[in-house]
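Enquirer: Protein chains in written order, with my numbering: chain A, 53 to 334; chain B, 53 to 334; chain C, 53 to 334; chain D, 53 to 334; chain E, 53 to 334; chain F, 53 to 334.
Each residue gets a CB set at the ideal place from its N, CA and C atoms; glycine is no exception.
Bear in mind that the values here come from a model prediction, so they are computed numbers and not experimental data.
I have a structure I would like to understand better, so I am pasting it below and will then ask my questions one at a time.
There are 6 protein chains.
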Amino acid sequence: MEMFNQYQFIGCTETLEEAKIVFFGAPYDGTSSFRPGSRFAASRIRIDSYGLETYSPYLEKDLEQYLIHDAGDIELGFGNRDVALKEINEFVKEVVASNKKPLMIGGEHLVTLPAIQAVHEKYQDLIVLHFDAHADLRAHYLGEKLSHATVMGRVWDFLGDERIYQFGIRSGTQEEFKWSAEGHTFMNKFGYESLDEIIDQVKNKPVYVTIDLDVLDPSIFPGTGTPEPGGISFTDMMRIIKKLSILNIVGADIVELAPDYDPTGVSTAVASKVIREMLLIL
Amino acid sequence: MEMFNQYQFIGCTETLEEAKIVFFGAPYDGTSSFRPGSRFAASRIRIDSYGLETYSPYLEKDLEQYLIHDAGDIELGFGNRDVALKEINEFVKEVVASNKKPLMIGGEHLVTLPAIQAVHEKYQDLIVLHFDAHADLRAHYLGEKLSHATVMGRVWDFLGDERIYQFGIRSGTQEEFKWSAEGHTFMNKFGYESLDEIIDQVKNKPVYVTIDLDVLDPSIFPGTGTPEPGGISFTDMMRIIKKLSILNIVGADIVELAPDYDPTGVSTAVASKVIREMLLIL
Amino acid sequence: MEMFNQYQFIGCTETLEEAKIVFFGAPYDGTSSFRPGSRFAASRIRIDSYGLETYSPYLEKDLEQYLIHDAGDIELGFGNRDVALKEINEFVKEVVASNKKPLMIGGEHLVTLPAIQAVHEKYQDLIVLHFDAHADLRAHYLGEKLSHATVMGRVWDFLGDERIYQFGIRSGTQEEFKWSAEGHTFMNKFGYESLDEIIDQVKNKPVYVTIDLDVLDPSIFPGTGTPEPGGISFTDMMRIIKKLSILNIVGADIVELAPDYDPTGVSTAVASKVIREMLLIL
Amino acid sequence: MEMFNQYQFIGCTETLEEAKIVFFGAPYDGTSSFRPGSRFAASRIRIDSYGLETYSPYLEKDLEQYLIHDAGDIELGFGNRDVALKEINEFVKEVVASNKKPLMIGGEHLVTLPAIQAVHEKYQDLIVLHFDAHADLRAHYLGEKLSHATVMGRVWDFLGDERIYQFGIRSGTQEEFKWSAEGHTFMNKFGYESLDEIIDQVKNKPVYVTIDLDVLDPSIFPGTGTPEPGGISFTDMMRIIKKLSILNIVGADIVELAPDYDPTGVSTAVASKVIREMLLIL
Amino acid sequence: MEMFNQYQFIGCTETLEEAKIVFFGAPYDGTSSFRPGSRFAASRIRIDSYGLETYSPYLEKDLEQYLIHDAGDIELGFGNRDVALKEINEFVKEVVASNKKPLMIGGEHLVTLPAIQAVHEKYQDLIVLHFDAHADLRAHYLGEKLSHATVMGRVWDFLGDERIYQFGIRSGTQEEFKWSAEGHTFMNKFGYESLDEIIDQVKNKPVYVTIDLDVLDPSIFPGTGTPEPGGISFTDMMRIIKKLSILNIVGADIVELAPDYDPTGVSTAVASKVIREMLLIL
Amino acid sequence: MEMFNQYQFIGCTETLEEAKIVFFGAPYDGTSSFRPGSRFAASRIRIDSYGLETYSPYLEKDLEQYLIHDAGDIELGFGNRDVALKEINEFVKEVVASNKKPLMIGGEHLVTLPAIQAVHEKYQDLIVLHFDAHADLRAHYLGEKLSHATVMGRVWDFLGDERIYQFGIRSGTQEEFKWSAEGHTFMNKFGYESLDEIIDQVKNKPVYVTIDLDVLDPSIFPGTGTPEPGGISFTDMMRIIKKLSILNIVGADIVELAPDYDPTGVSTAVASKVIREMLLIL
């Protein structure tokens with residue numbers, strides 16, 4: 053008799069030892085200001101991934117051809133942000149140290165900070181490609197330096213100029229847009245027209261890709277904390293991932309799915325497909 | 053005093069005898085694996101159709117100019133798949149025998165099998181145009197040969213090669229895509245670029261059109277069992293139906309609306325408009 | 053200590069005396085036939101506007117640079133339509149009399165009638181630009197002359213031919229389309245291809261803009277009384293508003309958000325952004 | 053083959069001529085101030101009644117033993133309250149004139165007014181039993197005399213003192229409670245302890261029973277415009293109906309189900325069972 | 053670092069070999085007529101069980117003191133009822149053969165049939181205690197002998213008279229109530245007043261307990277296929293389980309949670325607590 | 053013309069200077085482990101309070117007879133728990149210093165800690181009455197000492213034995229129940245049978261009342277982070293508040309409404325009524 057008791061993302065059936073890619077969840081949403089709930093993303097994605105095929109007709113590849121381990125979720129409390137960030141950082145360090153590639157599922161966007169820090173320790177010339185509706189470049193937010201709304205600013209603090217490339221940005225304060233325009237980050241407002249050119253520039257460097265799923269239009273992805281109409285389509289996202297496949301990606305994350313805000317379940321299905329495609333190009 | 057107690061799709065007010073087109077429901081979803089509920093489609097569509105106009109500005113025609121009968125739903129149990137399929141088959145045979153055209157509302161996609169079988173008995177050179185996100189070409193699914201995921205495979209069993217034309221397909225196993233590519237069906241992946249050419253090829257033959265509404269992008273049609281992002285738009289669907297209008301369509305179905313998964317009601321509104329347009333070209 | 057007890061649309065912090073623009077709600081939905089609930093729009097928009105930035109990257113302007121007053125909602129009963137319309141008319145007259153521009157948030161589309169009447173008293177050569185999925189040109193609806201489905205017909209009653217320009221229309225009776233085609237209104241079916249030309253024609257006249265948000269596709273705006281698939285995108289709407297910015301707009305309204313029908317909250321976010329952009333071009 | 057196309061409350065299969073009881077809907081909610089939607093009640097009840105048995109183990113009777121006709125819904129517009137009330141009044145007059153008993157499904161509570169007026173024309177010594185969370189005795193509400201919040205006041209206008217008996221009342225203004233206490237109506241606050249005594253007093257008179265379903269606790273009946281915690285249980289309601297069965301009931305109504313506010317469907321199931329029991333004692 | 057990747061009911065951490073109790077899911081709902089979805093119960097219960105404590109203040113016991121294994125779900129297709137029933141039967145036989153006690157989570161009530169058959173093979177003098185809103189004693193339902201609405205009739209087919217004790221029953225056809233009253237089953241309508249007496253009678257026999265959770269009032273348990281107002285309270289259920297703890301229970305099941313119909317999540321929380329208590333008395 | 057732009061709890065219309073009672077929100081839910089969202093409680097309660105009467109038939113008093121100020125919400129970030137607690141503490145100190153009584157609306161239960169600390173500074177012999185489903189007496193939770201699950205333990209840290217009286221408790225670890233039974237707190241499991249006796253004991257002392265609304269049964273109050281079936285009824289709560297009215301209450305809070313988890317809106321209505329009654333006895 054066949055029993056069903058797996059609790060893994062579809063096709064991520066390898067042991068940790070054998071795996072080349074480590075899929076894991078970082079269910080932290082403690083600084084979410086508007087609508088919390090991204091903490092539930094990784095858990096829901098695993099379950100709903102069973103409505104998905106392992107084969108991608110976009111990339112014409114199958115997850116079953118790759119060595120991927122689902123490590124589960126890091127167990128995080130919510131009251132103490134700094135402890136949570138430290139635990140994520142340590143986990144990613146371990147993954148990188150064993151020459152595996154991490155694919156982290158948020159949680160809110162702040163979880164990206166300790167992950168990039170960990171990857172950056174190994175790859176000093178790291179480039180960050182950032183897909184998002186929001187610039188996330190504020191100096192402070194509600195009185196705090198560490199927040200989902202300041203995260204790329206904090207990444208800039210240690211990477212510096214000409215390392216961060218932002219796409220799809222369509223919301224922020226006037227200051228954020230100005231600060232970026234002063235040359236601190238490269239910003240492609242609204243879409244991703246410059247992506248080919250940027251890929252060409254960075255193709256010999258180690259790249260970290262952070263995808264805040266709210267870069268997608270909320271018509272196809274309403275299940276997120278701060279939906280911003282005017283985003284890219286799912287087909288755009290498939291095109292983007294195909295383009296990224298020629299890069300040397302050393303780590304990636306996919307954040308800000310808040311599944312409870314989309315009762316249709318479509319947002320979770322979208323996130324699952326984006327994850328499948330990212331796993332296939334890592 | 054005006055009383056309101058109709059329970060028919062809007063504009064389908066003809067008696068069975070006078071009608072040229074028979075609209076009916078086949079509320080079976082017994083093999084749905086992921087999210088059942090398409091059994092409720094026909095019933096919800098009738099009620100919500102009163103938010104619709106009988107006039108189509110797309111086709112510049114009005115339902116009131118046609119002779120259409122709403123026959124209600126076939127009463128089907130759920131535990132016994134084979135009984136359900138047989139009853140659908142018999143009903144469609146009766147419709148076809150009296151020289152009327154059937155427009156069936158599913159239910160899951162498996163209901164298409166007995167309907168095409170019935171139409172095929174009369175039209176031996178039948179062509180099937182299949183709009184869907186899924187290839188539905190598996191040999192087996194969860195151990196069963198008869199399932200919503202195998203239905204076009206079962207249709208092929210009696211139609212054979214060069215009879216089935218598939219559009220919008222964007223999900224399936226590697227085996228399904230391969231099997232189709234061996235020439236068993238014509239498959240237009242993702243979109244419908246080849247539709248004009250195919251229409252030209254089949255325009256002298258009797259055609260059955262089966263529309264699995266999940267061919268639409270879930271941004272506009274989330275209310276379905278297995279939503280697959282990356283689909284065609286509603287405007288695409290209007291264009292497709294206009295193109296189909298020159299064909300000799302002898303039967304059609306529209307399946308896989310599961311209205312409860314879309315609390316906004318938009319999916320039902322979409323299905324109702326697709327039905328109105330199909331009725332206008334039959 | 054910072055306390056939070058505002059109940060205003062974001063950035064509308066001016067006093068009535070100093071303001072040049074008056075934002076207010078007209079929460080009436082008493083003739084809604086299919087799905088009521090637009091009465092809740094203004095109240096929900098104010099609260100959710102705190103998830104929005106005051107800065108628009110589309111127009112590169114900031115609400116904080118303008119003098120806008122949020123006057124709250126007109127308190128309206130529901131059983132007596134004529135009293136409600138009279139109160140809206142009187143309020144808009146006061147606004148116009150003090151040389152301020154009104155931006156009214158519906159409510160159903162019928163609230164547009166008394167607002168345009170008030171603006172027309174001052175601007176006899178008023179032009180109306182009407183964005184909507186529905187023609188709203190019926191003579192009667194369910195036995196009544198005054199209804200959300202007849203409102204542009206009633207506006208025509210006092211404005212006459214060549215004053216009303218309709219965009220995005222994709223639903224109506226055959227009679228409405230015919231009557232418009234006889235030259236009573238200009239109608240751009242489905243989209244807004246003629247907008248540039250019309251703007252050129254009317255750019256020296258006072259213009260009232262009425263936006264029924266169901267002109268948007270229900271994929272991005274499901275929260276409305278009568279969703280009609282096949283509409284324009286949010287990006288289209290941003291383009292339209294940018295084009296309108298060169299006109300002499302003397303009043304505007306944004307109607308038919310029914311927030312309860314969209315549990316994801318995206319419709320309210322869309323409405324809030326459309327309002328921000330309209331405030332920035334008034 | 054068995055087809056299913058009925059659209060009647062379960063067991064209400066008699067023709068109008070043969071029937072002794074006439075079930076009908078009055079889908080008007082035009083004065084609802086807080087949450088509209090009771091207009092959808094009758095339509096939803098008919099569909100969901102197919103989840104119900106015709107047999108009541110409470111009364112040990114079966115609907116199939118009675119002659120009941122489902123007349124559908126009166127078609128009503130929403131903008132003109134007075135027209136709607138007049139149409140309800142005329143319909144009930146016809147029913148009463150042909151010696152049948154009306155069971156009306158609201159709609160909001162205001163629909164009770166024209167129904168009682170019609171019944172009262174025939175039965176001058178009519179007694180009204182009123183089950184409700186709200187006193188509904190205001191003189192005015194939001195500036196209007198005719199409203200769901202004033203309806204029992206308006207009934208008192210023509211019935212006068214000692215005719216109206218109210219049960220379950222737990223919300224109202226201080227004035228309403230005072231006015232009732234002056235002897236204008238009999239009021240049993242919170243529960244129905246005095247019901248046996250009242251039944252004894254009125255058992256020889258013609259009685260009209262009006263049940264505002266919000267008399268039930270919102271734990272079992274959340275689907276209503278103004279839910280008031282602290283109500284009676286469903287079992288209490290079954291007991292009440294059994295007690296009422298010895299009265300000479302000449303008409304009844306059941307109002308204020310707003311099905312969309314209860315996504316679980318339980319409120320509609322509750323309303324359907326209350327209706328079944330009322331039909332069995334009429 | 054602590055990782056979280058379990059997918060077990062809380063406290064069911066024993067291996068199969070060591071366990072005395074086997075918890076498992078039978079996610080079949082193929083004959084559900086009104087609202088399917090109980091197939092999702094076991095999966096949701098496992099996840100939400102992490103909001104629960106392992107300690108019961110009702111029984112003053114802790115799950116951690118017991119040897120319980122969570123075997124996952126039996127993998128079942130939906131189109132073929134007979135195959136599904138056979139697989140359940142075989143699994144329960146294995147459990148019973150190894151001298152462990154099964155606690156099965158449905159699925160619809162029909163899954164009880166093969167489970168009782170398996171247990172009965174070992175315990176020929178088996179007694180069944182049945183808690184339910186529905187009698188489930190029909191001869192046929194929608195033309196089928198095997199259905200959720202006939203299941204206790206099918207159990208009677210092999211157990212015969214004086215073996216089945218039913219509590220909480222408040223819905224059924226007139227025939228079902230009559231047939232039971234002829235002595236075929238013991239039936240406690242509405243409540244469980246006779247439970248003490250019955251427990252006394254059967255306390256020396258092997259007992260199977262089947263709990264259709266719709267025996268609970270839908271105020272506390274709306275998430276089920278056919279909610280029936282008028283049920284027992286959660287506190288009643290706790291009392292019942294405490295009473296049952298003195299019996300020799302050799303198997304049990306808990307069925308008919310359909311979690312998607314209760315967006316509040318309370319129904320799943322209720323089911324989880326009932327399961328915890330049942331595990332503690334097995 | 054009457055405009056509506058208030059954003060206050062109904063009847064709380066006094067200025068801060070004149071008021072005797074200060075109503076305010078503390079929208080913090082940063083340590084919520086299972087389902088966040090109580091941050092939205094105060095905001096939703098204010099809006100929905102307009103469906104409420106100011107008059108209580110339970111207490112026969114009217115809010116308009118009292119001097120109450122609605123101070124709005126304290127603006128709090130989420131990433132830094134300690135800053136949030138400090139701001140609440142300071143606000144309550146100010147209120148108490150000016151001889152007004154605070155009624156705080158949570159937020160999660162942890163907000164009670166800084167409020168009681170502030171009140172305790174003034175009233176050294178303070179007694180705490182605690183109504184809750186959960187004991188909240190843990191030493192640590194997910195590695196943190198300060199959490200919604202430890203809050204009464206932290207209150208005990210400075211109040212010590214014989215100061216905390218707990219009612220309605222029905223969930224916790226075995227350790228929590230044991231620790232309380234050692235005499236550290238008085239605990240009335242499940243209900244409130246000992247309340248009269250306790251009131252008699254503490255009636256000469258200053259009392260702080262903290263109501264975690266999950267003490268109510270989730271049938272009437274599903275909108276909370278951790279619903280626990282088996283709670284007290286709304287009528288019980290009304291009885292409790294009436295009993296408390298003879299005490300010298302110097303501060304109170306009402307916490308853990310998470311309105312988004314109850315789409316019916318009933319939980320917010322319940323919370324609003326509990327608040328009205330508490331305001332009337334302060």
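Nearest by alpha-carbon distance to HIS186/E: which of ALA321/E, SER108/E, GLY243/E is it?
Expert: GLY243/E
Enquirer: State yes or no: is the beta carbon of SER297/E nearer than 8 Å to at least one beta carbon in chain F?
Expert: no
Enquirer: Helix, strand or coil, according to DSSP, for ILE327/B in the structure here?
Expert: In the structure shown, ILE327/B sits in a helix (DSSP, three-state: H, G or I).
Enquirer: For SER28/D, would you say it is in contact with chain B, using Cβ-to-Cβ distances shorter than 8 Å as the test?
Expert: Chain D is shown from 53 up to 334; residue 28/D falls before or after that span and cannot be answered.
Enquirer: Grouping DSSP H, G and I as helix and E and B as strand, with all else coil, what is GLU196/F?
Expert: strand
Enquirer: With a threshold of 16 other CB atoms inside 10 Å of the CB of ALA233/A, please say whether the residue is buried or exposed.
Expert: Exposed is the call here.
Enquirer: With which residues is TYR80/D paired in a DSSP beta bridge?
Expert: Answer is none; TYR80/D lacks a bridge partner.
Enquirer: Assuming contact is defined by CB atoms lying nearer than 8 Å, are ASP269/B and ILE251/B in contact in what I supplied?
Expert: Against a cut-off of 8 Å, the Cβ pair of ILE251/B and ASP269/B comes out as no contact.
Enquirer: Look up THR320/C in the DSSP assignment and say whether it is helix, strand or coil.
Expert: helix
Enquirer: In its own chain, which residues sit with a C-beta less than 7 Å from the C-beta of TYR175/F, not counting the 5 before and 5 after it?
Expert: PRO258, VAL302
Enquirer: Which residues of chain F have a Cβ atom closer than 7 Å to the Cβ of ILE263/E, listed in chain order?
Expert: By Cβ distance, chain F contributes nothing, its closest Cβ being about 15 Å from ILE263/E, past 7 Å.
Enquirer: Could you run through the region 207-222 of chain A and flag, in chain order, every residue whose CB is less than 9 Å away from some CB of chain C?
Expert: ILE221, ARG222
Enquirer: Please report the Cβ distance between GLU146/F and THR83/F, rounded to the nearest whole angstrom; I am assuming they are in contact, meaning their Cβ atoms lie under 8 Å.
Expert: That pair is no contact at about 25 Å.
Enquirer: Could you work out which residues of chain B lie near ALA185/A, taking near to mean beta carbons separated by less than 9 Å?
Expert: Ordered by position in chain B, no residue passes the 9 Å Cβ test against ALA185/A, which lies about 16 Å from the chain.
Enquirer: If we call anything under 8 Å between Cβ atoms a contact, is ILE120/D one with GLU66/D?
Expert: yes
Enquirer: Along the chain, which unbroken stretches of the alpha helix (DSSP H) at least 4 residues long are found entirely within the region 108-157 of chain A?
Expert: Within the region 108-157 of chain A, the runs of alpha helix (DSSP H) that reach at least 4 residues and sit entirely inside it are, in chain order, 133-149.
Enquirer: Per DSSP, what kind of secondary structure is GLY303/F in: helix, strand or coil?
Expert: Three-state result, GLY303/F: strand.
Enquirer: Are the CB atoms of VAL203/D and PHE273/D nearer to each other than 8 Å?
Expert: no
Enquirer: So, helix, strand or coil for PRO258/B, using DSSP?
Expert: strand
Enquirer: Does the separation of the CB atoms of PHE143/D and ILE126/D fall below 8 Å?
Expert: Yes, the pair counts as a contact, with Cβ atoms nearer than the cut-off.
Enquirer: Can you say whether GLU228/A is buried or exposed, counting buried as having 16 or more other CB atoms within 10 angstroms of its CB?
Expert: By the neighbour-count rule (16 or more Cβ atoms within 10 Å), GLU228/A is buried.
Enquirer: So what's TYR102/E in DSSP terms, helix, strand or just coil?
Expert: helix
Enquirer: Classify GLU245/A as buried or exposed, calling it buried when 16 or more other Cβ atoms lie within 10 Å of its own Cβ.
Expert: exposed
Enquirer: Are the C-beta atoms of LYS241/B and some chain A residue less than 8 Å apart?
Expert: Output row for LYS241/B: interface = yes.
Enquirer: Distance check for HIS192/D and GLU139/B, CA to CA, integer angstroms please.
Expert: 59 Å
Enquirer: In three-state terms, what does DSSP make of GLN60/F?
Expert: coil
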